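Engineer: Chains as they are written, first to last, in the working numbering: chain A, 1 to 270; chain B, 1 to 324; chain C, 1 to 361.
Note that the Cβ used here is the ideal one computed from N, Cα and C, for glycine as well.
Since the model is a prediction, treat every value here as computed from it, not as a measurement.
What follows is a structure written as structure tokens; I'll ask about it next.
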């Protein structure tokens with residue numbers, strides 16, 4: 001099967017100044033290589049600062065990479081000029097962590113979901129409206145509320161709007177950056193169900209960014225563990241959960257299971 | 001230390017920038033200055049020729065600028081076409097007069113604002129505070145021009161104060177005391193205008209700063225300990241409120257300088273303001289440039305002074321090493 | 001932000017501007033029309049009581065020269081002239097295009113100088129009203145131009161960052177450090193000294209716009225910087241939106257409140273700047289009246305001493321200051337504290353706004 005998205009030796013550097021005024025280079029990403037297959041779900045797990053969000057932004061073509069290459073469906077998209085990028089963008093969409101900041105508070109739900117269609121000039125106004133309405137209904141938001149601004153919705157509903165918006169351009173790959181972290185457990189469960197259902201019916205591929213190993217295990221087929229900008233361990237869920245190799249993986253698992261002593265965590269298979 | 005150094009460098013860069021800017025503006029003037037002067041019968045052709053040679057007014061701009069900077073470094077600020085003499089001495093006298101006015105006004109304004117502001121803060125919510133608030137609010141809506149003109153009319157109609165100039169005609173013959181009195185009478189109006197225009201902002205700032213400290217927990221604790229009111233006020237509240245007040249000080253120098261331009265013009269006080277205006281109307285290039293430069297220097301010095309005071313007063317700035 | 005308070009001040013300002021805008025109707029006479037027989041007339045009184053009984057229609061007495069003097073006037077009690085309301089007088093154009101002859105009040109036989117007359121016998125009231133049109137227009141246009149320039153510069157600096165940002169902000173710092181008024185004068189003076197009134201007006205507006213852009217630009221830049229990083233801008237980029245779209249649709253709307261508050265501060269500053277320029281002769285030239293050149297005559301000592309009513313135009317701007325200050329305060333603006341807070345980290349106090357072109361910041 002052909003890979004949907006492939007990253008090779010991706011690196012990202014920031015120049016910066018640290019606390020004492022010394023100029024320092026920050027390596028947000030260091031030699032990351034990943035392959036994502038269609039209709040699968042990959043979870044990117046790691047502690048804060050591990051670079052998972054940066055990787056997500058690079059995958060979504062929202063941040064330029066300092067080094068490395070990236071392919072989409074076999075075509076290299078690393079340094080594409082913006083015009084051609086625009087076409088690729090419709091295939092990779094992102095749902096952000098905080099719906100309060102990712103939805104323009106001055107726009108209504110309908111306008112928000114219509115925006116991608118307007119930017120890419122798909123269909124006339126009426127068609128766009130219809131499509132947006134359908135999408136919102138798909139994610140469980142009904143008619144009358146569609147002309148309200150995000151402030152009128154609950155957290156879970158806002159994420160639904162964000163998801164509907166992300167689906168507007170019919171992407172093949174959906175990146176969800178800690179998209180569930182800001183919601184309560186019960187709402188999380190609802191959204192997760194929605195996401196599974198959408199994946200099945202729309203043949204989507206997901207990349208989940210999270211710091212919660214338990215959630216990753218629940219949602220994903222494969223898990224990639226990140227630490228300090230590198231992918232330290234990667235594999236099928238079962239393997240990672242039952243036989244973690246890397247210390248970071250073990251720590252994350254321990255945290256997820258609520259076990260304080262890492263020593264009590266499952267030992268790596270010898 | 002690095003804080004001060006950085007500020008100093010900024011100030012220097014600012015001055016350089018300003019000088020370039022004003023020099024540039026001069027080139028926008030349509031027509032060659034010397035051409036205009038040619039129409040002036042008082043200036044002979046020989047003078048014109050030497051001036052042209054001396055100032056190379058036909059040379060490219062950067063060259064002229066460099067030459068001018070060089071001259072300034074040697075204390076020579078050019079030639080005034082209108083006054084027929086070097087610019088520097090002209091500017092110095094006028095600058096002195098402006099400083100006299102501005103510094104007096106500044107001292108007076110602060111001398112009045114401090115007690116008023118503190119009193120306001122102490123009695124906040126009560127009659128003194130309300131009355132002062134009303135007064136400052138009223139003053140704030142009266143622009144300097146209106147204020148200055150109003151004072152001028154009052155003086156003219158009542159005859160209590162002279163309405164222009166710095167000294168009377170027979171100044172040189174007066175006694176020491178008489179001279180002082182004469183000067184003071186002439187200064188009264190412009191200083192009053194400047195003080196009245198600066199007062200509202202100062203009073204409000206001081207009031208706000210002190211009121212904030214008076215309401216702070218540490219202050220309440222000190223009061224609870226039974227520390228006498230006077231000591232409380234000066235030792236604690238003012239100390240704490242010093243920081244914003246010092247910033248205000250440095251800042252108010254600048255605004256007073258600018259306000260003085262207007263007041264000087266309206267009240268015919270022989271400072272930089274009227275000189276600048278005359279020079280502008282007479283197209284006296286080097287005087288204008290010199291004048292703008294001088295005022296900018298004052299401004300920058302005022303701000304730097306404020307920075308110095310802040311540095312001295314606030315230990316935080318010292319220890320932070322200037323890191324933002 | 002208390003919307004009701006804002007609205008009240010806005011309405012108050014609207015009324016004030018309407019009064020000036022309706023100068024044609026409200027002013028009894030043409031501001032340029034001279035009457036040298038009645039130069040420097042003090043304000044005339046309107047009477048209701050005459051010859052022992054009350055009149056319903058107010059009236060006034062014509063003025064005549066007092067015996068033996070040639071510049072003192074007194075009321076000629078023989079000549080009582082009734083005041084007419086909504087009378088026909090000289091033609092004017094309301095708002096610049098509607099021709100009309102109807103004035104709020106007028107009289108036959110003599111002129112009523114409610115606020116006195118100037119050295120050429122022109123009615124001060126009319127001149128004040130018409131002058132206000134010019135001064136306010138200069139202020140509004142100047143402020144509008146400045147806001148526009150500031151929005152553009154601030155957006156470019158904040159959005160693109162890099163060398164553009166550094167260059168523009170250094171330039172802004174430079175302009176802010178220069179004494180406002182000095183720069184204004186210098187700029188104005190290096191342009192041709194004597195020009196037609198229209199050109200002078202445009203020059204004043206351009207000069208005002210060129211000088212005041214620095215602070216609003218910095219504020220806009222601040223807003224743009226923070227909005228730029230918001231996720232909804234990122235998301236729009238993810239849809240393939242270009243820079244122009246992002247700026248237009250997402251970023252600029254966020255700058256609206258900053259720009260509005262800056263406008264409320266700038267308009268009166270600019271009106272005052274025009275007044276100052278015209279006062280010293282670098283602004284609107286005669287015979288077009290503006291509040292500034294109406295005051296220019298006060299530079300003569302004789303006028304200062306004898307003709308106090310020539311000062312009245314100076315007071316005309318005060319209600320506007322009150323209005324704009326009220327509006328700015330209602331929009332929660334600190335005029336002066338911005339610099340102190342930003343540069344030195346002192347405490348942030350809301351002390352209201354002080355309008356003065358002599359302020360350097």
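Output the distance between the C-alpha atoms of residue 18 (chain C) and residue 271 (chain C), rounded to the nearest integer angstrom.
Structural biologist: Using only the alpha carbons, I get a separation of about 16 Å.
Engineer: In chain B, which residues lie with their C-beta within 8 Å of the C-beta of residue 314 (chain C)?
Structural biologist: Per Cβ cutoff of 8 Å: 145, 146, 149 and 150.
Engineer: Would you mind stating whether residue 111 (chain B) and residue 195 (chain B) have Cβ atoms separated by less than 7 Å?
Structural biologist: Taking 7 Å as the Cβ cut-off, residue 111 (chain B) and residue 195 (chain B) do not qualify as a contacting pair.
Engineer: Who are the near neighbours of residue 165 (chain B) in its chain, counting only those whose CB is closer than 8 Å to its CB and skipping five residues on each side?
Structural biologist: Correct list, in chain order: 186, 268, 269 and 270.
Engineer: Enumerate in chain order the residues of its own chain whose CB-to-CB distance from residue 125 (chain C) is below 6 Å, with the five nearest sequence positions on each side excluded.
Structural biologist: Within the same chain, residue 125 (chain C) has close Cβ partners 114 and 115.
Engineer: Note the first and the last residue of the continuous beta strand (DSSP E) segment covering residue 91 (chain C).
Structural biologist: 84 to 94 is the span of the beta strand (DSSP E), which, as asked, contains residue 91 (chain C).
Engineer: In chain order, which continuous runs of the alpha helix (DSSP H) of length 4 or greater are located wholly inside the stretch 138 to 177 of chain C?
Structural biologist: Here the runs fully enclosed are 162 to 177.
Engineer: On the three-pair Cβ rule with 8 Å, is the stretch 79 to 88 of chain C touching the stretch 54 to 64 of chain C?
Structural biologist: As far as the Cβ criterion goes, the stretch 79 to 88 of chain C touches the stretch 54 to 64 of chain C, which means the pair count is three or higher.
Engineer: Does any residue of chain C have a CB that is nearer than 7 Å to the CB of residue 14 (chain A)?
Structural biologist: No, residue 14 (chain A) does not count as interfacial toward chain C.
Engineer: Quick check on DSSP: helix, strand or coil for residue 46 (chain A)?
Structural biologist: In the structure shown, residue 46 (chain A) sits in coil (DSSP, three-state: anything other than H, G, I, E or B).
Engineer: Let me check one thing: in DSSP terms, what residues is residue 231 (chain A) bridge-paired to?
Structural biologist: According to DSSP, residue 231 (chain A) bridges with A:226.
Engineer: List the residues of chain C whose Cβ lies closer than 8 Å to the Cβ of residue 163 (chain B), in chain order.
Structural biologist: Simply 301 and 304.
Engineer: Which residue from C:110, C:135 and C:228 puts its Cα closest to that of residue 253 (chain C)?
Structural biologist: Of the listed residues, the one whose Cα sits closest to residue 253 (chain C) is C:228.
Engineer: How about the stretch 166 to 186 of chain A and the stretch 235 to 248 of chain A: do they share at least three Cβ pairs that are nearer than 8 Å?
Structural biologist: Segments in contact, no.
Engineer: Measuring alpha carbon to alpha carbon, tell me which of A:69, A:118 and A:49 ends up nearest residue 6 (chain A).
Structural biologist: When each option's Cα is compared against that of residue 6 (chain A), the closest is A:69.
Engineer: For chain C, is any of its Cβ atoms less than 7 Å away from the one on residue 96 (chain A)?
Structural biologist: Cβ-Cβ to chain C under 7 Å: yes for residue 96 (chain A).
Engineer: Give the single residue among C:36, C:203 and C:139 whose Cα lies nearest to the Cα of residue 192 (chain C).
Structural biologist: Residue 192 (chain C) has its Cα closest to that of C:203, out of C:36, C:203 and C:139.
Engineer: So, is the C-beta of residue 60 (chain A) closer than 7 Å to a C-beta in chain D?
Structural biologist: Note that chain D does not occur in the displayed structure, where the protein chains are A, B and C.
Engineer: Taking DSSP as the reference, what is the three-state secondary structure of residue 35 (chain A)?
Structural biologist: DSSP places residue 35 (chain A) in strand when its eight states are reduced to three.
Engineer: Would you check if the distance between the CB atom of residue 155 (chain B) and the CB atom of residue 263 (chain B) is smaller than 7 Å?
Structural biologist: Contact: no.
Engineer: Let me check you understand the geometry: is the CB of residue 257 (chain A) closer than 6 Å to at least one non-hydrogen atom of the ligand GDP?
Structural biologist: For the ligand GDP, the structure offers nothing, since it holds no ligand at all.
Engineer: Check each candidate in B:189, B:175 and B:245 and name the one with the smallest Cα separation from residue 211 (chain B).
Structural biologist: Of B:189, B:175 and B:245, the residue nearest in Cα terms is B:245.
Engineer: Please name the residue, chosen from A:148, A:173 and A:171, that lies closest to residue 161 (chain A) on a Cα-to-Cα basis.
Structural biologist: If we check each option's Cα against that of residue 161 (chain A), A:148 comes out closest.
Engineer: Closest to residue 121 (chain A) by C-alpha separation, out of C:320, C:240, C:163 and C:307, would be which residue?
Structural biologist: Among C:320, C:240, C:163 and C:307, the Cα nearest to that of residue 121 (chain A) is on C:240.
Engineer: Can residue 221 (chain A) and residue 40 (chain A) be called in contact, C-beta distance under 7 Å?
Structural biologist: Result yes, Cβ atoms of residue 221 (chain A) and residue 40 (chain A) sit closer than 7 Å.
Engineer: Secondary structure at residue 126 (chain B), three-state DSSP: helix, strand or coil?
Structural biologist: Three-state result, residue 126 (chain B): coil.
Engineer: Can a CB atom of chain C be found closer than 7 Å to the CB of residue 120 (chain A)?
Structural biologist: Yes - at least one Cβ of chain C is within 7 Å of the one on residue 120 (chain A).
Engineer: Going by the beta-carbon positions, is the gap between residue 133 (chain C) and residue 20 (chain C) smaller than 7 Å?
Structural biologist: Yes.
Engineer: Check the Cβ-Cβ distances between residue 279 (chain C) and every residue of chain A, and say whether any is below 7 Å.
Structural biologist: Closer than 7 Å: no.
Engineer: Tell me, please, which residues DSSP counts as bridged to residue 73 (chain C).
Structural biologist: Answer is C:65.
Engineer: Going by the DSSP bridge assignment, what does residue 80 (chain C) pair with across the sheet?
Structural biologist: DSSP, once it has assigned bridges, lists C:61 as partnering residue 80 (chain C).
Engineer: Residue 321 (chain C) to residue 268 (chain C), Cα distance in whole Å?
Structural biologist: Rounded to the nearest angstrom, the two C-alpha atoms are 6 Å apart.
Engineer: Under 7 Å, Cβ to Cβ, is there at least one residue of chain A near residue 340 (chain C)?
Structural biologist: Annotation note: pLDDT 32 at residue 340 (chain C) (below 50); position unreliable, coordinate value reported separately. Closer than 7 Å: no.
Engineer: Output, in chain order, the set of chain B residues within a Cβ distance shorter than 8 Å of residue 325 (chain C).
Structural biologist: Here the neighbours are 140 and 141.
Engineer: Where does the unbroken beta strand (DSSP E) through residue 105 (chain C) begin, and where does it stop?
Structural biologist: Unbroken beta strand (DSSP E) run through residue 105 (chain C): 98 to 106.
Engineer: If we ignore side chains and look at the alpha-carbon of each, how far apart do residue 206 (chain C) and residue 145 (chain C) end up?
Structural biologist: If I take the Cα positions, the gap works out to 8 Å.
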